[in-house]
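Yeah, the sequence shown ends on 257 if you go by the working numbering, and it's all consecutive.
We put the beta carbon where it would ideally sit given N, CA and C, even for glycine.
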Amino acid sequence: MPDRAADRLSALETRALTKRFGGLVAVDGLALSVGEGEVRGLIGPNGSGKTTTINLLSGLYRADAGEIHLRGERIDHLRPHQIAGRGVARTFQIPKVWGHMTVLENVLVPALAEHDRGVGRPRAEILDRAHRLLSFVHLERLRDGLARELSGGQSMLLQIARGLMIHPIRLFLMDEPFAGVHPMIKDTIIETIVRMNREEGVTFLIVSHEMGTLRRLCPRVSVMHEGRLIAEGSFEDVANHAVVLEAYLGR
């Protein structure tokens with residue numbers, strides 16, 4: 007994929023974003039900008055603050071300082087459902103699904119929440135998209151089964167399909183979507199990201215330790231260490247960056 011980040015408007019921007027847990031500064035003055043329609047990787051050693059950043063961006067955590075802007079609107083004061091209502095979806099490292107509900111019911115939840123707010127699409131349109139997304143992630147045949155019966159990889163696919171039901175979907179935050187999944191499921195996740203980015207212009211920010219996969223997907227990566235952004239650029243740029251090598255390998 008060509009890197010056209012410099013030509014894009016900012017879909018997501020953080021300014022001096024900070025989160026503390028007691029004496030630990032998990033995210034330390036983070037300044038991150040992701041272009042509209044970009045597929046960006048977010049990498050770094052364990053404990054570098056990547057998941058905390060995703061939790062801040064999605065509203066699960068409230069920042070101690072700094073700002074988060076989505077397409078120019080400041081959102082760091084909003085609750086998770088309000089951020090989702092502005093077109094932001096996310097996945098969790100350990101998939102979170104409603105196990106007592108069917109696969110189809112899980113996927114329908116975001117769209118039905120829109121109806122409760124009085125801004126929903128026609129039900130026929132909602133059902134059509136739900137079935138198309140389930141078919142695309144190879145879960146359509148399991149639509150009437152309970153979500154708790156899915157494997158871990160299938161649950162990740164369900165999280166992704168459910169996130170893509172947000173309308174309009176602007177930004178998808180993914181936290182280790184490839185970890186521990188079957189290679190066929192990994193290929194489906196990759197295909198879904200590429201297709202939704204190309205066909206619907208969805209911006210992706212993907213946290214992952216799977217460098218080979220991110221290299222395929224992301225023209226540009228951002229590197230965190232000890233809560234700070236230490237490098238950005240192509241894989242080739244950051245792989246040869248002395249500060250990045252020190253963060254991963256030690257002095």
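| Query | Result |
| --- | --- |
| Among all the DSSP beta bridges, which residues are the ones paired with T108? | L152 |
| Cα separation between V1 and A130? | This structure cannot settle anything about residue 1, because the visible part of the chain is limited to 7 through 257. |
| Here's a check: name, in chain order, each residue in its chain whose Cβ is nearer than 7 Å to the Cβ of I199, leaving out the five neighbours to either side. | V45, F210 and L223 |
| With DSSP collapsed to three states, give me the class of V187. | coil |
| Measure how close the beta-carbons of L164 and A153 come, nearest whole angstrom, since I'm counting them as under 8 Å. | 6 Å |
| Straight-line CA distance for P116 to A95? | 10 Å |
| Should V143 and M162 be called a contact, given that it needs their Cβ atoms to be closer than 7 Å? | no |
| In chain order, what are the residue ranges of uninterrupted alpha helix (DSSP H) at least 4 long that sit wholly in the stretch 159-230? | 189-206 and 217-223 |
| Measuring alpha carbon to alpha carbon, tell me which residue in D150, R204 and H87 is nearest E42. | R204 |
| Using CA atoms only, rank isn't needed, just tell me which of P51, L15, A69 and G53 is closest to K25. | A69 |
| What's the gap between the Cα of F178 and the Cα of A253? | 27 Å |
| Can you give the Cα-Cα distance for G93 and R176, rounded to whole angstroms? | 5 Å |
| I need the boundaries of the alpha helix (DSSP H) containing S240, first residue and last residue. | No alpha helix (DSSP H) holds S240; DSSP gives it neither H nor E. |
| When the Cα atoms are used, what is the spatial distance from M7 to E242? | Residue placement at M7 cannot be trusted, given a pLDDT of 44 that sits under 50; what the coordinates show is reported in the next sentence. One C-alpha to the other measures close to 14 Å. |
| Looking at C-alpha atoms only, which residue of A22, H87 and H106 is the closest neighbour of D150? | H106 |
| Rounded to a whole number of angstroms, what is the C-alpha to C-alpha distance between M171 and H215? | 27 Å |
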